[in-house]
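>
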Amino acid sequence: MGVYVQAQWIREFLAPAALQLDPDAEDIAIVASFRARTLPVRVLALAVLTAVCAVTGACATPAAPHSTPSTSASAATGAVPATARVSAAVPKGAAAKDMDNQSPASGITLHRYFYAVPTGRADPRQNWMDLYLPPRLGKVPLVVLIHGGAWQAKIGAGTFATFARRLAERGLGVVNVEYRRVGNGGGWPTTFVDVAAAMDAIPDLAKAYPQLELRNAVVVGHSAGAQLAVWASTRHELRSDEVGASPVFRPTTVVSLAGPLDMRRAVEMGDTRIVRVLGGTPDEVPDRYASVDPIQNLDPQTPVIAIAGTSDRVVPHVLSQDYVAADAKAGGRAQAIIMPGQTHSSLVDPKSKAFAQILELITRITNDIHANGS
Numbered sequence: 001m002g003v004y005v006q007a008q009w010i011r012e013f014l015a016p017a018a019l020q021l022d023p024d025a026e027d028i029a030i031v032a033s034f035r036a037r038t039l040p041v042r043v044l045a046l047a048v049l050t051a052v053c054a055v056t057g058a059c060a061t062p063a064a065p066h067s068t069p070s071t072s073a074s075a076a077t078g079a080v081p082a083t084a085r086v087s088a089a090v091p092k093g094a095a096a097k098d099m100d101n102q103s104p105a106s107g108i109t110l111h112r113y114f115y116a117v118p119t120g121r122a123d124p125r126q127n128w129m130d131l132y133l134p135p136r137l138g139k140v141p142l143v144v145l146i147h148g149g150a151w152q153a154k155i156g157a158g159t160f161a162t163f164a165r166r167l168a169e170r171g172l173g174v175v176n177v178e179y180r181r182v183g184n185g186g187g188w189p190t191t192f193v194d195v196a197a198a199m200d201a202i203p204d205l206a207k208a209y210p211q212l213e214l215r216n217a218v219v220v221g222h223s224a225g226a227q228l229a230v231w232a233s234t235r236h237e238l239r240s241d242e243v244g245a246s247p248v249f250r251p252t253t254v255v256s257l258a259g260p261l262d263m264r265r266a267v268e269m270g271d272t273r274i275v276r277v278l279g280g281t282p283d284e285v286p287d288r289y290a291s292v293d294p295i296q297n298l299d300p301q302t303p304v305i306a307i308a309g310t311s312d313r314v315v316p317h318v319l320s321q322d323y324v325a326a327d328a329k330a331g332g333r334a335q336a337i338i339m340p341g342q343t344h345s346s347l348v349d350p351k352s353k354a355f356a357q358i359l360e361l362i363t364r365i366t367n368d369i370h371a372n373g374s
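When the count follows full-length UniProt numbering, it moves up by one through the sequence shown with no breaks and lands on 374 for the last residue.
1) Where does the unbroken alpha helix (DSSP H) through THR253 begin, and where does it stop?
2) In this structure, what does DSSP give as the bridge partners for THR109?
3) Under 7 Å, do LYS150 and ALA224 count as touching if we go by C-beta distance?
4) Since GLY225 is in the alpha helix (DSSP H), which residue starts that stretch and which ends it?
5) Work out the CA separation of GLY107 and ALA326 for me, nearest whole Å.
6) Judging by CA-CA distance, which residue of ALA245, LEU142, VAL230 and ASP283 is the nearest neighbour of LEU257?
7) Look at the Cβ atom of GLN126, then the Cβ atom of GLU169, and state whether they are nearer than 7 Å.
8) For the beta strand (DSSP E) containing LEU278, list its first residue and its last residue.
9) So, at 7 Å on beta carbons, what are the nonlocal neighbours of ILE274 in its own chain, with the 5 sequence-adjacent residues on each side left out?
10) Looking only at its own chain, which residues have a Cβ that is under 7 Å from the Cβ of MET269, when we skip the five neighbours before and after it?
11) Assuming the contact rule is C-beta atoms closer than 8 Å, TYR132 and ALA164 should be a hit. Round their C-beta distance to whole Å, please.
12) Report the option in PRO210, GLN227 and ILE365 whose CA atom is closest to the CA atom of HIS147.
13) Check the DSSP bridge columns for VAL219 and list the partner residues they point to.
14) Compare the beta carbon distance of GLU213 and PRO294 with 7 Å and say whether it is the shorter of the two.
15) Suppose the cutoff is 7 Å on Cβ atoms and the five residues either side in sequence are ignored; what does the same chain contact list for ALA290 look like?
16) What are the start and end residues of each continuous alpha helix (DSSP H) run of 4 or more residues lying completely inside the segment 304 to 371, in chain order?
17) I need the boundaries of the beta strand (DSSP E) containing VAL182, first residue and last residue.
18) Counting contacts by CB-CB distance shorter than 7 Å, is GLY107 in contact with chain D?
19) Hey, how far is the Cα of ARG276 from the Cα of GLN211?
20) Based on the DSSP secondary-structure assignment, which residues constitute the bridge partners of GLN152?
21) Considering only their Cβ atoms, is the gap separating ALA308 from GLY244 smaller than 7 Å?
22) For THR310 versus PRO340, is the C-beta spacing smaller than 7 Å?
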């Protein structure tokens with residue numbers, strides 16, 4: 001059921017920042033109600049972000065993964081060198097260049113893991129995930145990032161390197177996942193097989209770095225990555241013959257950034273990118289949509305926070321609202337934050353005010369869940 005805090009506590013938390021939040025009023029920027037006497041602790045950060053928006057107006061091959069670990073001393077004990085190091089075993093070419101370009105902040109160690117896939121051969125240029133570890137003693141709460149890019153090859157995990165670093169600088173362990181996309185061997189079902197395999201490799205990652213806390217992991221995705229993140233959180237509901245079924249790892253909470261969480265409606269609105277990745281329209285391949293469309297695979301027990309901008313012309317914010325409404329009808333705890341004036345890309349643009357607020361939201365959610373074990 002989770003740990004709960006009083007709405008009054010939230011008001012007291014906001015008071016030092018001279019921000020006001022009326023729990024008896026509904027803000028049109030958020031599809032949620034603060035009229036309840038108590039709020040889940042996970043919603044604390046959501047309340048903070050909503051208040052900031054209101055005041056500033058700114059919101060708008062082996063079974064285990066093969067790793068190329070840092071040469072740092074004893075990651076298992078939490079010892080971290082002053083600068084991150086990358087093993088020379090990282091493949092030459094694009095993968096090595098990608099690692100070189102990340103330049104982790106001082107005190108953060110960076111490790112690349114190559115995960116196995118259950119069918120066919122893995123592509124070491126794409127079947128990997130980067131682990132960012134902060135210089136923090138004790139257990140480290142985990143955030144898993146899944147990048148977007150319309151499931152297309154032209155945008156990869158490198159676009160989330162800054163996102164990962166910023167979260168690690170806040171004391172979080174971060175896994176930035178790469179996977180095959182349309183145009184480089186991905187599409188149906190490969191893209192989904194890859195993401196499922198990457199998620200299921202995380203427990204092995206934690207064996208190498210036991211400071212990672214997996215019990216209460218948060219998965220964050222943007223755009224196509226948001227669809228993949230929400231889908232990944234409901235794989236336990238899939239039939240045994242469906243892609244990604246029988247997960248080894250399940251996230252506790254999901255944050256969707258501009259996600260197409262109602263894929264059938266998105267196609268009706270003209271989204272051809274979904275048709276490309278699934279290999280057809282809802283009428284042509286209905287079983288595929290039924291298997292991976294978030295709105296068709298609701299899990300009321302998994303909290304989802306769906307964030308979208310009103311100026312998003314790529315993935316309309318109504319798709320997030322649709323999902324939250326459906327989840328609420330099913331008895332779920334999903335929340336939607338609709339940020340006035342924000343576009344599809346501004347949510348993950350390190351230069352935007354919205355990005356800073358989203359960083360704070362993710363950090364507080366993750367730390368609250370970690371601290372309360374809920």
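Virtual Cβ for every residue (Gly too), placed ideally from N, Cα, C.
Reading it off the structure:
1) Segment 253 to 257 is the beta strand (DSSP E) holding THR253; no alpha helix (DSSP H) there.
2) LEU133
3) In the sequence as presented, Lys is not what sits at residue 150; that position holds Ala. In contact: ALA150 and ALA224 (Cβ atoms closer than 7 Å).
4) 224 to 233
5) 43 Å
6) Ranking the options by Cα distance to LEU257, first place goes to VAL230.
7) no
8) Premise fails: LEU278 lies in the alpha helix (DSSP H), 272 to 278, not in any beta strand (DSSP E).
9) Answer for ILE274: PRO260, MET263, ALA266 and VAL267, listed in chain order.
10) These residues qualify, in order along the chain: PRO316.
11) So it is a contact: roughly 5 Å between Cβ atoms.
12) Checked all of PRO210, GLN227 and ILE365; the closest Cα to HIS147 is GLN227.
13) VAL144 and VAL254
14) no
15) Result list for ALA290: GLN296, in chain order.
16) 318 to 329
17) Neither: VAL182 is in no beta strand (DSSP E) and is coded neither H nor E.
18) The structure shown contains no chain D, having only a single protein chain.
19) Each residue's alpha carbon lies about 40 Å from the other.
20) VAL182
21) no
22) yes
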